[in-house]
Amino acid sequence: MPAQSPLHHRYADSDALLLPYGSAEHAVDVVGAFEEVGLEYAALRKSAVLFDQAHTATLIVRGADRRSFLNNMVTQKVIDLEPGHTRRSFWLSRKGRIDADLAIAARDDHLLIALDRHLAATTAQALSNYVFAEDCVFEDASASLHHLALHGPAALAILAAAASDPDLAELAPGRNAACTIAGTPVVADRRDLTGDPGLTITVPRDRAEAVYDALLAPPGGAGGAGGAGGGVPAPRPAGWFAINTARIEAGHPLFNVDFGPDNLPAESGVIQDRVDFRKGCYLGQEVVARMDARKARKQGVTPLRVTPPDADTDAPLPSAGNHVFSAADPEGNPVGVVTSSTVSPMLSAASIAFAMIKEPHTAPCTELIVRAEGTKAAAVVQKDARFWSR
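Next comes the structure, spelled out in structure tokens:
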């Protein structure tokens, strides 16, 4: 059973809203919000927030053949992945379906793979089953490592201050670095989920609380999110609701939210970031290559913007699971389903969403109808998955 966050006791004793993530018998609690979501979102966009990423786990891959073996297994090229670099990749089934979404970070003598906590043990075992004579060992480190995340314009400065390492303020996207926070060795990985700088920090589970507190009060901090005096701003603790709004605005579909194990890479909306079409064979490659050659798919994650009914009325907000219809046949069979949605503060409270839509209704500027708040509203397919960028 996946363990709860090592900070869970704090949340249970506070007014934090906890959201169960996963099946009822194996759920992990994730903080939805500590306080008013608008305050947490504002801190994310103005300075930074600190998020306990309890739903994420880590695999450690060791052995001289770790890169070459993994290169033959996953969709991304990792045989040349140098220490300090990170790449995103899919682990597929033989039929080309997405079994896991991976962030593979290379360190000097091992790889760190971040993935959904509920898939850590099964993915480690599945990959291990393919090891024959290679020097490659997979370890599910869920019980020993934990993930925290910083998001916002000040995230890099906060990390640099907490680690007393000014070079970390220049950590580029797709790069990772080892550092020390609160006397604890950690690995910080630059992943910009929200459209602003983002960092996933892998920490020893028994030191997670100490690192969390050190990040909340970086040396030279101004004593609060967006504080005055020229110091490094202290991040505000935040929950999933603020992160989710920002990541939809930034155009980042998520595994097990917007696409999942029933989908093919071409349907995910992130195939260009996860698949290297120039590399050699890997499990499920034939299906991926055939779909790419034919430029054909049955459906795909699609960005939608809901149209207000008139100039004086806000657009209704669809919810995950709401059906989407063709504007030419609004009473016919659905052509898709909403997977996630939000009201965007950066777009004057526009209602935006991702939806899994059938071809050919995914083309930019296609007019659709979506169920939202008990009515049917007009929506338009956006040209870019990014609804907003700084």
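Using the working numbering, you'd call the opening residue of the sequence shown number 134 and step up by one each time.
In this text, a Cβ means the ideal position worked out from N, Cα and C, and glycines have one as well.
It should be emphasised that the depicted structure is a prediction, and the values quoted were computed from it without experimental measurement.
Let's test the definition: count the other Cβ atoms within 10 Å of the Cβ of residue i and tell me whether it reaches 16, buried, or not, exposed.
{"i": "Ala505", "result": "buried"}
{"i": "Pro370", "result": "buried"}
{"i": "Ser401", "result": "buried"}
{"i": "Pro352", "result": "exposed"}
{"i": "Asp322", "result": "buried"}
{"i": "Tyr174", "result": "buried"}
{"i": "Phe458", "result": "buried"}
{"i": "Asn466", "result": "exposed"}
{"i": "Asp146", "result": "exposed"}
{"i": "Arg324", "result": "buried"}
{"i": "Ala176", "result": "buried"}
{"i": "His188", "result": "buried"}
{"i": "Ala287", "result": "buried"}
Sort out for me which residues DSSP pairs residue i with in a bridge.
{"i": "Ser297", "result": "According to DSSP, Ser297 bridges with nothing at all."}
{"i": "Asn309", "result": "Asp322"}
{"i": "Glu272", "result": "Ile193"}
{"i": "Met489", "result": "Val434 and Val470"}
{"i": "Ser222", "result": "Leu235"}
{"i": "Glu500", "result": "Val513"}
{"i": "Ile334", "result": "Leu281 and Ala321"}
{"i": "Ala505", "result": "Thr508"}
{"i": "Phe458", "result": "Ile502"}
{"i": "Ser484", "result": "Val476"}
State the CB to CB distance for the pair residue i and residue j, rounded to an integer number of angstroms; the pair is presumed to be in contact (CB under 8 Å).
{"i": "Gly393", "j": "Asp329", "result": "In fact, because the Cβ distance is near 27 Å, the residues do not count as touching under 8 Å."}
{"i": "Ser452", "j": "Ser474", "result": "6 Å"}
{"i": "Ala293", "j": "Ala302", "result": "4 Å"}
{"i": "Asp162", "j": "His142", "result": "Rounded, the Cβ-Cβ distance is 11 Å, inconsistent with contact."}
{"i": "Asp241", "j": "Pro216", "result": "5 Å"}
{"i": "Leu245", "j": "Thr335", "result": "6 Å"}
{"i": "Thr472", "j": "Asp346", "result": "The pair is not a contact, with the Cβ atoms about 35 Å apart (cut-off 8 Å)."}
{"i": "Phe520", "j": "Gly384", "result": "6 Å"}
{"i": "Ala486", "j": "Leu437", "result": "5 Å"}
{"i": "Thr219", "j": "Arg308", "result": "7 Å"}
{"i": "Ile231", "j": "Asn396", "result": "6 Å"}
Between which residues of its own chain and residue i is the CB-CB distance below 6 Å, once the five residues before and five after are set aside?
{"i": "Leu150", "result": "Gly165 and Ala166"}
{"i": "Ala282", "result": "Phe184, Gln186 and Thr333"}
{"i": "Asn204", "result": "Val211 and Ile212"}
{"i": "Pro398", "result": "Phe223, Ile404, Val408 and Val421"}
{"i": "Ala254", "result": "Asp273"}
{"i": "Thr446", "result": "none"}
{"i": "Asp517", "result": "none"}
Shorter than 9 Å from the beta carbon of residue i to some beta carbon of chain C?
{"i": "Leu348", "result": "Any reference to chain C falls outside this structure, which holds one protein chain only."}
Here's a check: name, in chain order, each residue in its chain whose Cβ is nearer than 8 Å to the Cβ of residue i, leaving out the five neighbours to either side.
{"i": "Pro463", "result": "Ile502 and Lys509"}
{"i": "Arg227", "result": "Leu416 and Gly417"}
{"i": "Leu214", "result": "Arg200, Arg220, Ile237, Ala239 and Leu244"}
Grab me the residues of residue i's own chain with a C-beta within less than 7 Å of its C-beta, minus the 5 sequence neighbours each way, in chain order.
{"i": "Lys456", "result": "Looking at the sequence provided, one finds His at residue 456 rather than Lys. Once the five neighbours on either side are set aside, the close Cβ partners of His456 are Pro467, Val470 and Arg504."}
### Task
Go through the segment 344-408 residue by residue and report every complete run of the beta strand (DSSP E) that reaches 3 residues or more, in order.
none
### Query
Which residue spans inside the segment 159-187 form an unbroken alpha helix (DSSP H) run of at least 4?
170-179
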